[in-house]
Amino acid sequence: MRLLSRVLPVLVGLGLASCAGVDVGTNYDPAAVQRINAFRTYAWLSQPQRTTDTRINNDITEARVTQAVDRDLQARGYQKVDASANPDFLIGWQGAIDTRLAAETVDSYWGYPWDPFWGSYYGPSETYVRQYDVGTLILDVVDAREKRLVWRGTAQTNLGDSPSVQGNGDRINKGVEKMLEKFPPKPEKS
Numbered sequence: 013m014r015l016l017s018r019v020l021p022v023l024v025g026l027g028l029a030s031c032a033g034v035d036v037g038t039n040y041d042p043a044a045v046q047r048i049n050a051f052r053t054y055a056w057l058s059q060p061q062r063t064t065d066t067r068i069n070n071d072i073t074e075a076r077v078t079q080a081v082d083r084d085l086q087a088r089g090y091q092k093v094d095a096s097a098n099p100d101f102l103i104g105w106q107g108a109i110d111t112r113l114a115a116e117t118v119d120s121y122w123g124y125p126w127d128p129f130w131g132s133y134y135g136p137s138e139t140y141v142r143q144y145d146v147g148t149l150i151l152d153v154v155d156a157r158e159k160r161l162v163w164r165g166t167a168q169t170n171l172g173d174s175p176s177v178q179g180n181g182d183r184i185n186k187g188v189e190k191m192l193e194k195f196p197p198k199p200e201k202s
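Count along the sequence shown starting at 1, add 12, and that's the number in our numbering.
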């Protein structure tokens, strides 16, 4: 019984982490909305080496991101062209993986989270600390003519405590899809 009370919080935490979705946010220049809505062609920005993290900066990750973005944009009628063909916008990406900690205090007798009212009746409580990774993907849309950022999308998801390389492809696809649902932005109503 004691082993179950120690393992259960960890299993519940891992289960919740695996069910976690992709959190998405976007930001854009309101003055550029009409111009963004007129965009039809795009090209990729050159990918500078921003971090030394080889989990992000590698050919496989770059191919997954560019394929996901190309597939989504082209399905919606955008045309990919060479950067020398004067595209309407340029698109670039960057990513990061951050390590975070989560703490869960559990009553040793019942296995439930500690409660200040009942905690003292059930005996000592234990705190479990779990380390996990959070992945962030950022897509930038740059007006090719004006050379300025006009739209940015960010997607963030919990990668768990041992991220699966194969599972990351699905997370990238979901993140790109959810971000680009909000591109182009809708004009704000006055």
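Cβ coordinates follow ideal geometry from the N, Cα and C atoms, glycine included.
Quiz item: Rounded to a whole number of angstroms, what is the C-alpha to C-alpha distance between R164 and D152?
Solution: 5 Å
Self-check item: Sequence ranges, alpha helix (DSSP H) only - wholly within the region 67-130, length at least 4
Solution: 71-87
Self-check item: Straight-line gap, S96 to I48 (C-alpha atoms, nearest Å)
Solution: 20 Å
Quiz item: Can you round the beta-carbon distance between W105 and V77 to whole angstroms, since I take them to be within the 8 Å contact cut?
Solution: 5 Å
Quiz item: Taking the C-alpha atoms as reference points, what is the distance between T64 and G147?
Solution: 15 Å
Quiz item: Run through DSSP, which three-state label would E193 get?
Solution: coil
Quiz item: Where does R183 land, buried or exposed, given buried means 16+ other C-beta within 10 angstroms?
Solution: buried
Quiz item: Ordered along the chain, which non-local residues of its own chain (more than five positions away) have a Cβ less than 6 Å from that of T166?
Solution: G37, I150
Quiz prompt | Minimum C-alpha distance to T66 - residue among R157, G107, G187 | solution = G107
Self-check item: Alpha-carbon to alpha-carbon, L171 and K159
Solution: 34 Å
Quiz item: Below 8 Å between beta carbons: does that hold for Q168 and D35?
Solution: yes
Self-check item: Span of the beta strand (DSSP E) around Q168
Solution: 160-172
Practice problem: Taking D41 as the reference, give the member of V162, K190, E193 with the closest Cα. | Solution: V162
Quiz prompt | Residues near Y90 in its chain [Cβ-Cβ closer than 8 Å; skip 5 each side] | solution = F51, R52, T53, Y54
Practice problem: State buried or exposed for L113, treating a residue as buried only when at least 16 other CB atoms are found within 10 Å of its CB. | Solution: exposed
Quiz item: Excluding five sequence neighbours on each side, which residues of the same chain lie with their C-beta closer than 6 Å to the C-beta of V81?
Solution: V188
Self-check item: Through-space distance from Q46 to A87, alpha-carbon basis
Solution: 21 Å
Quiz prompt | Burial state of P199, where buried means 16 or more other Cβ atoms lie within 10 Å | solution = exposed
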